[in-house]
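Okay, so here's the structure we're looking at.
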Amino acid sequence: MKTKYIHQLFIALCVIVFASCKKESANIFNMFEDVTVTFNNSDPRCVTDYKLINDKEEVWIDFTISSAKEDMYSYIFEVSAGTAQATRYTVNITDPAQRRSFSSIIKLPNSAFPAAALRDGKQSYRICALFPAAALRDGKQSYRICALNEKGVFIGDGYKKVTVEVNPSFMIYANRDIYLPDTVAKILPSFFSVTDATTFSYTNAATNAGKIDFGIYRKPGSNSTVQTPTWVVNLYSPSVATNPLTVYDISGFSPKRTTKFSQPVTGQANAFLTTAISGSSIETLAKARAITFNETTQTTPANGLAAGNAVFFLTPEGKYGMLYVNAVTSDLQKRPFIN
175 MKTKYIHQLF
185 IALCVIVFAS
195 CKKESANIFN
205 MFEDVTVTFN
215 NSDPRCVTDY
225 KLINDKEEVW
235 IDFTISSAKE
245 DMYSYIFEVS
255 AGTAQATRYT
265 VNITDPAQRR
275 SFSSIIKLPN
285 SAFPAAALRD
295 GKQSYRICAL
305 FPAAALRDGK
315 QSYRICALNE
325 KGVFIGDGYK
335 KVTVEVNPSF
345 MIYANRDIYL
355 PDTVAKILPS
365 FFSVTDATTF
375 SYTNAATNAG
385 KIDFGIYRKP
395 GSNSTVQTPT
405 WVVNLYSPSV
415 ATNPLTVYDI
425 SGFSPKRTTK
435 FSQPVTGQAN
445 AFLTTAISGS
455 SIETLAKARA
465 ITFNETTQTT
475 PANGLAAGNA
485 VFFLTPEGKY
495 GMLYVNAVTS
505 DLQKRPFIN
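Quick note: to get the working numbering, add 174 to the position in the sequence shown (first position is 1).
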C-alpha cells in the first residue's frame, strides 16, 4: 500500500515539475510593439508605402518614430536593393526631448540641405542627411527606420518599410565580345554599335556604317621587348582624322557616326557595379571625364582597353554611356578579343 502511494506521489511531483518548466518563447512578431513608425504624407514627393517614379525625380521619406516605454538614443536608416546586403546608417538622437518621439525627412536623391524649420509645431526638425548608398537606382529599393536604445540595442522598427521603384532609365548590354581585327580574311567582328550592342566585321561594316560607333585594334606597348612582348588595345571612331589601322580602309564609310570618347579610366569595377545604377548616375560619371576624343591613344596595356578599365562616351544623339572591359583574352582558336 505504501508503495502505491509513493508511486502516485512521484507521478504528481513529475507533473508539477514538468509543468513548471513550460515557458512561452518570445514571438518576434509582437515583441517589438512598443516602437511605432509612421511614414507621413506631408508632400506629394513623400512615399508612405510604395512609390513608382522616373529617374531624376525626388522622393521624400518623412517619418516619425516613437517609443512607448524606452528612450531612443539613435535610429538606423536601412537601405536594401535587390540581393545586395543592406546598408545601414546610424544617426544619433541628441535632443533628450525627442527620445520618445523623433521626426525627420530624408530627401532622395540626397542633397545638402540644412536642418529646416520646425515640423508642424512639433519640437523636431526636418533633417536632410547624406546617405550615399541610398541613391535612387533603377528598379526597387526598400527603406526601413529602426530605433536603438542607450546601449545600441534594437528595440523596434514598427514592422514597416517603404519601397521606391524607379522606371528603367538606361540599357545594359552584357557579355559582348569584340575581336581584334584579322587582316587576312577580315571576317572577325571588330566594329561595334553602342546603340544596340551589335558587332560587325570589316566585310559588312561599310553597308552598316551608319550604325558603327567604333572599332578596336592593338599595337605593341611602349614597354614591349623582344623577350617580353606586350600589346595595348585602343579604339577609334570611323570619323577619326587619321585611320590608325590602315589595313582596314574606312575612307568610304558613309555616313560616319561622330560618337566621342574619353580616354580609358582605370579601376572602374566598383563604379560599374555600384555607382552606374541609373541613367542620371551614368551621365554624372561620364561628365566627370573629358569626352572629346575620336580615338583612345594609350601606349601601355594597363592603360588601354584592359580588364577593369572603362571608356565613357557621348553619342551624336546626346546620350551618355559607359563601356566597361571585363577581360582581354582569346577564344579556343587563339583569336584575341575583349569582353
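A virtual CB, placed ideally from N, CA and C, is assigned to each residue, including glycine.
Environment of Tyr347 [buried if 16+ CB atoms lie within 10 Å]: exposed
Rounded C-alpha distance that separates Phe251 from Phe366: Counting only the Cα atoms, Phe366 lies some 43 Å from Phe251.
C-beta atoms of Gly478 and Pro510 nearer than 9 Å: Contact flag unset, no.
Contacting residues, own chain, Cβ-Cβ under 6 Å from Ser343 (five flanking each side not counted): Asp229, Asp312, Ser452, Gly453
DSSP three-state assignment for Ala464, whether helix, strand or coil: The answer is coil: DSSP assigns Ala464 none of H, G, I, E or B.
Cβ contact check for the segment 373 to 390 and the segment 455 to 462: 3 or more pairs under 8 Å: no
Three-state secondary structure (DSSP) of Phe237: strand
Which of helix, strand or coil DSSP assigns to Phe366: strand
Limits of the unbroken alpha helix (DSSP H) element including Thr212: Looking at the DSSP string, Thr212 is not in any alpha helix (DSSP H); the run it does join, the beta strand (DSSP E), is 209 to 213.
C-alpha distance - Ala291 paired with Ser240, whole-angstrom precision: For Ala291, the pLDDT reaches just 29, beneath the cut-off of 50, and the residue's location in the model is therefore unreliable, leaving the point undetermined.
Buried or exposed (CB count within 10 angstroms, at least 16 for buried), Ile512: Buried.
Three-way DSSP call (helix, strand, coil) for Leu409 in this model: strand
CA nearest to the CA of Thr470, picked from Thr402, Tyr410, Thr503, Arg219: Tyr410
Stretch-stretch touch, CB-based, cutoff 8 Å, three pairs: the segment 232 to 246 with the segment 265 to 282: yes
Beta bridge counterpart(s) of Met496 as assigned by DSSP: Phe486
Simplified DSSP state of Ser194, which is helix, strand or coil: The predicted model places Ser194 with a pLDDT of 48, which falls under 50 and marks its position as unreliable, so this point remains unresolved.
Spatially closest choice to Asp245 from Ala255, Arg274, Ser254, by CA coordinates: Arg274
Limits of the beta strand (DSSP E) - the one that Asn378 falls within: Boundaries for Asn378: no beta strand (DSSP E) harbours it, while the alpha helix (DSSP H) harbouring it runs 376 to 379, taken from the DSSP string.
Buried/exposed call for Ile361, threshold 16 Cβ in 10 Å: exposed
Pick from Pro394, Val499, Asn468, Ala476 that is closest to Ala445, judged by C-alpha positions: It is Val499 whose Cα lies nearest to the Cα of Ala445.
Alpha-carbon spacing of Arg318 relative to Val336, whole angstroms: 7 Å
Rounded separation between Lys434 and Phe467 - CA only: A straight-line Cα-Cα distance of about 5 Å links Lys434 and Phe467.
Inter-residue Cα distance where the pair is Ser254 and Asp217: 23 Å
Coil, strand or helix - Thr420 by DSSP: coil
Beta-carbon proximity check, Tyr405 vs Pro394, cutoff 9 Å: Before going on, a small fix: residue 405 reads as Trp here, not Tyr. In contact: Trp405 and Pro394 (Cβ atoms closer than 9 Å).
Simplified DSSP state of Lys508, which is helix, strand or coil: coil
Assigned exposure category for Leu354 - 16 Cβ within 10 Å defines buried: buried
DSSP state of Lys385 mapped onto helix, strand, coil: helix
Proximal residues to Ile424 (C-beta, below 7 Å), its chain only, five neighbours per side dropped: Pro412, Asn417
Alpha-carbon spacing of Val502 relative to Leu447, whole angstroms: Their Cα atoms are separated by approximately 19 Å.
Cβ-Cβ distance between Tyr247 and Leu322 below 9 Å: yes
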